[in-house]
Amino acid sequence: MSTHAARLPGGFARRRRDAHLRAILDAAMDAVVTIDHRGLVLEFNRAAEEMFGYRREEVLGRELAGLVVPERLRAAHRAALRRWTEHGPGPGAGTLLGRRVQVEAQRADGSVFPAELALLRVDVPGPPLFTASIRDLSERKTADEQLREADFRYRTLVEQLPLVSYVNRPDDPVSRPFYVSPQLEGLLGYSPEEWLATPGLFERSLHEEDRERVLAEKRAAYERREAHRTEYRMRTADGRVVWVEDQSVHVQPPGGGPGFRRGFALDITERKATEDALRRAELRYRTLVEQLPLAIYIDRLDETSSNVYTSPQIEAMLGYSVQEWAENPDLFVELLHPEDRERVLAAHRRTHATGEPLHLEYRLRRRDGRWVWVQDQARVVAEGGESFLQGYLLDVTARREAEEQLRHQALHDPLTGLANRALFVDRLEHALVVGRAHGREAGVLFVDLDDFKRVNDTVGHHVGDAVLCAVGARLVESLPASSTVARVGGDEFAVLVEDDDAPAAAVDAAERVVEALKAPVQVEGREVFVTASVGIAAGAEVDELLRSADVAMYRAKSGGKAQYIVYGEAMDEELADRFQLVSDLRRARFDRELAVLYQPIVDLGKGTFVGAEALVRWRHPTRGLLSPAEFIALAEETGAIVEIGRRVLEDACRQVAAWRRAAPGERPFVSVNVSVRQLWGGGFEAAVAEALERYALEPEALMLEVTESVLARRREEVADTLAALARRGVRIALDDFGTGYSSLSQLQDLPVDVVKIDRSFIRALAREPSRIAFVRAIVDLAAALDLALVAEGIEGLAEASLLRGLGCALGQGFYFSEPIPGPRLLELAAGGDP
9 MSTHAARLPG
19 GFARRRRDAH
29 LRAILDAAMD
39 AVVTIDHRGL
49 VLEFNRAAEE
59 MFGYRREEVL
69 GRELAGLVVP
79 ERLRAAHRAA
89 LRRWTEHGPG
99 PGAGTLLGRR
109 VQVEAQRADG
119 SVFPAELALL
129 RVDVPGPPLF
139 TASIRDLSER
149 KTADEQLREA
159 DFRYRTLVEQ
169 LPLVSYVNRP
179 DDPVSRPFYV
189 SPQLEGLLGY
199 SPEEWLATPG
209 LFERSLHEED
219 RERVLAEKRA
229 AYERREAHRT
239 EYRMRTADGR
249 VVWVEDQSVH
259 VQPPGGGPGF
269 RRGFALDITE
279 RKATEDALRR
289 AELRYRTLVE
299 QLPLAIYIDR
309 LDETSSNVYT
319 SPQIEAMLGY
329 SVQEWAENPD
339 LFVELLHPED
349 RERVLAAHRR
359 THATGEPLHL
369 EYRLRRRDGR
379 WVWVQDQARV
389 VAEGGESFLQ
399 GYLLDVTARR
409 EAEEQLRHQA
419 LHDPLTGLAN
429 RALFVDRLEH
439 ALVVGRAHGR
449 EAGVLFVDLD
459 DFKRVNDTVG
469 HHVGDAVLCA
479 VGARLVESLP
489 ASSTVARVGG
499 DEFAVLVEDD
509 DAPAAAVDAA
519 ERVVEALKAP
529 VQVEGREVFV
539 TASVGIAAGA
549 EVDELLRSAD
559 VAMYRAKSGG
569 KAQYIVYGEA
579 MDEELADRFQ
589 LVSDLRRARF
599 DRELAVLYQP
609 IVDLGKGTFV
619 GAEALVRWRH
629 PTRGLLSPAE
639 FIALAEETGA
649 IVEIGRRVLE
659 DACRQVAAWR
669 RAAPGERPFV
679 SVNVSVRQLW
689 GGGFEAAVAE
699 ALERYALEPE
709 ALMLEVTESV
719 LARRREEVAD
729 TLAALARRGV
739 RIALDDFGTG
749 YSSLSQLQDL
759 PVDVVKIDRS
769 FIRALAREPS
779 RIAFVRAIVD
789 LAAALDLALV
799 AEGIEGLAEA
809 SLLRGLGCAL
819 GQGFYFSEPI
829 PGPRLLELAA
839 GGDP
């Protein structure tokens, strides 16, 4: 203390000290109150004034308890103060000294508020004084209550969510978390307390197959403070496996405090099971779809029909990969066949606009350039507010080709490839419709190959087929491109001629046909000659044209063959006459209309009767007696020849038996002509054996005559039958020798006993010496082969003498006798002289 201060008067110094103390008290943030041992206020600073609502002047010297202590606590306050005064500090209030405690205080307006009290005892001479430091806790309590309420709301919200919430340390995902919500127990079977208290439990609960990945991902996210989302499996406390979705973010408090990791884990086990089931279902679906023999596609209904899905079969079908199909929206249009493009695109536009199903077939170009026919079926489906076209492409190329082949086969001849009758008639009908519109006719040619059966029977059907193909090709080559050439039967062809002058064009076409067939056909190194009979007709009606051309063709054939004839109305009468004759022949009875006559065969050296040839004649009820030339060909065509031949064989055997009985010393024979139809199919040998047995005839009494043409048809079958008959002793004669095919080979290979020289060599033999050389050659050939000879058609003594001089032993003809009934021949047999 300075000497100056010591010299101050005592009152002034005390006042100055009190002023300093008051300044210090008023600067304090907390209320400071001093009381004496009676509880009377000695000091009350400015903070106390603000806290309690009293001015210092109002409270000095007044009891503190009545001012700031709530009424319910005043008695306890006064009792404690009294004990301190009388007895000093002790249990109860004395324990407040030297520490801060929370108490309740009361303001001047009567409101009670929480306060923090620090109480000090001031030891002074005499009764003690007490100083209290009081802090208003109202705001802090309110904040604490708000914090507790917020915490309660947060916990209530978090702990009712269907997921596990957690708060982790910001640096390590496997360290002990700060917090985990109770849902953990429902998910994994661990309580939050157990989870928080057990180090490494999270790491151990991770599925072993996911552990390494999950920890690496989490540590990287925590280190970089990045948001993180992942899915993984965890094992529960009881060993089950559950799937969780884990999401977390780094949180940095705004006040700059330490950060933390906040996240949640959601149980997605059921979702994963559903996804797995969907994947398996999709796998089964894809497996099924991708094994089907078709390509499935899904396109959006947008401007480009962008592809959503196409099954892998598209690559095998078209050579383009699924990726190419999806990436190039123009590929489909580029691959469409030009002839199909507009039709297909229009159908797609219609389906897009109306939603109607799509069903069509069209062609697409493969990568290798080939065209593939596809069947396209699709429908519009809606999903998620978007529309799609869902369908399939089926490769129907094989079916279309088969259908095309069937259509071709239905309308074309399978051997020659030419149009068949159905296509020919269709084109003829079309030509006539067009022709009527322009006032013109159409011409038709019927072309029938002459004696084509001989070709088949002589050189074989495979060669015959080759000849037919060659003939068809020649017809096409020789005729204008506008003509239609068709094969309408075995060896029949038809030609359609379309021209303004149909009759003249048809005749020109017929001349071309005849000319084209003059050159031989080369087949397998051999030459085959064929000719054709051609009928021509022109007109404007289908049925009439076909019938007329057919009639003209038959007229050409009957008129000598190898020619063409234009249809005339008179031909209808001829055809009708022929049909009537066929009908009459079918109805003719053998014992009334058909009769067997016999022409004698004589020994030219002795002039005696040695046998006869059985010849059938038809006594027509209106036409009179008809020769074989007038009806045998018809009988062959209709098959009536089989029954006629059987009846002739029966009558001939009966007659020769009678002849032999009438002339016991002679041994005449009978010669019977045999048709090729009788030799087919078996049964003829048995019929001959039965007839011989019925009339007790020796086999040599019967001679069977066959022509070279008969031997040429079904050669092996006919040869076997003739060989069997020859072994029985029946003699075989070759009729019309020298007029057919391959005479020498027939004589060498077949069981022939007798050769009959055709009448064409005998006629006018005496007047034409050149014929003698031909006959002498035949006689020499027969002698070399040890064959008997019979000359047919002898009409005069000169011819008979020449033949006898050339060495021909037997003969027959009108010089000796015309064909006569069996009884008349019996008289000749009895006399022995014709």
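Here the sequence shown stands for residues 9 to 842, numbered as in our numbering. By construction, the Cβ of each residue, glycine as well, lies at the ideal position given by its N, Cα and C atoms. Keep in mind it's a predicted model, so treat the numbers as computed, not measured.
Query                                                                                                                                                                             : Result
Look at ILE306 and SER319 and say whether their C-beta atoms are less than 7 Å apart.                                                                                             : no
Using only alpha-carbon positions, find the residue among LEU75, ILE740, LEU705 and ARG832 that is nearest to MET59.                                                              : LEU75
Which runs of the alpha helix (DSSP H) fall wholly inside the segment 436-470 and span at least 4 residues, in chain order?                                                       : 460-467
For VAL330, which of PRO337, TYR317, LEU805 and ALA73 has the nearest alpha-carbon?                                                                                               : TYR317
Apart from the five residues just before and just after VAL249, which ones in its own chain have a Cβ nearer than 7 Å to its Cβ?                                                  : HIS215, ARG241 and ARG243
Check whether the Cβ atoms of VAL550 and ALA622 lie closer than 7 Å to each other.                                                                                                : no
For the putative contact between LEU730 and PRO759, defined by C-beta atoms under 8 Å, what is the C-beta separation to the nearest angstrom?                                     : 6 Å
By the DSSP assignment, the beta strand (DSSP E) with ALA386 in it spans what residues?                                                                                           : 379-391
Between ALA796, GLY804 and ALA281, which lies nearest to ARG775 when the distance is taken from Cα to Cα?                                                                         : GLY804
Classify GLY830 as helix, strand or coil using the three-state DSSP reduction.                                                                                                    : helix
Go through its chain and collect everything with a Cβ distance to GLY472's Cβ below 8 Å, but skip five positions before and after it.                                             : PHE460, VAL463 and ASN464
According to the neighbour-count rule (16 or more other Cβ atoms, all chains shown, within 10 Å of its Cβ), is VAL109 buried or exposed?                                          : exposed
Going by alpha carbons, who is nearest to ALA430 out of THR492, VAL604, ALA524 and ASP348?                                                                                        : THR492
Do the segment 357-365 and the segment 387-401 touch if we need at least three Cβ pairs shorter than 8 Å?                                                                         : yes
Between which two residues does the alpha helix (DSSP H) carrying MET242 extend?                                                                                                  : Here MET242 belongs to no alpha helix (DSSP H); instead the beta strand (DSSP E) covers 236-243.
Do three or more CB pairs link the segment 364-377 to the segment 264-280 at distances below 8 Å?                                                                                 : no
For THR42, name the three-state secondary structure that DSSP assigns.                                                                                                            : strand
Under three-state DSSP, which class holds SER679?                                                                                                                                 : strand
Would you kindly check if the distance between the Cβ of VAL352 and the Cβ of LEU339 is under 7 Å?                                                                                : no
If you reduce the DSSP assignment to three classes, tell me which class GLY2 lands in.                                                                                            : No answer is possible for residue 2: the residues shown for the chain start at 9 and end at 842.
Any idea what DSSP makes of LEU171, helix, strand or coil?                                                                                                                        : coil
If LYS764 and ASP788 are in contact, beta carbons under 8 Å, what's the gap, nearest whole angstrom?                                                                              : Contact doesn't hold; Cβ gap of about 16 Å is too wide.
Mark THR466 as exposed unless 16 or more other C-beta atoms lie within 10 angstroms of its C-beta, in which case mark it buried.                                                  : buried
Work out the CA separation of ILE780 and GLY815 for me, nearest whole Å.                                                                                                          : 12 Å
Around the Cβ of ASP507, are there at least 16 other Cβ atoms within 10 angstroms (buried) or fewer (exposed)?                                                                    : buried
Can you give, in chain order, each stretch of the alpha helix (DSSP H) that sits fully within the segment 496-580 and has at least 4 residues?                                    : 510-524 and 550-566
Rounded to whole angstroms, what is the Cα-Cα separation between GLU234 and GLN321?                                                                                               : 45 Å
Could you name each continuous alpha helix (DSSP H) segment of 4 residues or more that falls completely within the segment 301-376, going from the start of the chain to the end? : 321-326, 330-335, 339-343 and 349-362
Based on Cα-Cα distance, which residue from GLY547, VAL783, LEU192 and ASP403 lies nearest to VAL505?                                                                             : GLY547
For GLU658, collect the residues of the same chain with a Cβ closer than 8 Å to its Cβ; drop the 5 residues on either side in sequence, then sort them by chain order.            : ALA699
In whole angstroms, what is the alpha-carbon distance linking ASP348 and LEU368?                                                                                                  : 10 Å
Can you say whether SER10 is buried or exposed, counting buried as having 16 or more other CB atoms within 10 angstroms of its CB?                                                : Note on SER10: pLDDT 41, under 50, position unreliable in the model; no value is reported.
Check ALA704 in the structure and name its three-state DSSP category.                                                                                                             : coil
Entirely within the segment 788-817 and at least 4 residues each: give me those alpha helix (DSSP H) ranges in chain order.                                                       : 805-814
What first and last residue would you give for the alpha helix (DSSP H) that runs through ARG270?                                                                                 : No alpha helix (DSSP H) holds ARG270; the beta strand (DSSP E) holding it covers 268-275.
Express the C-alpha separation of SER490 and PRO528 in angstroms, rounding to a whole number.                                                                                     : 26 Å
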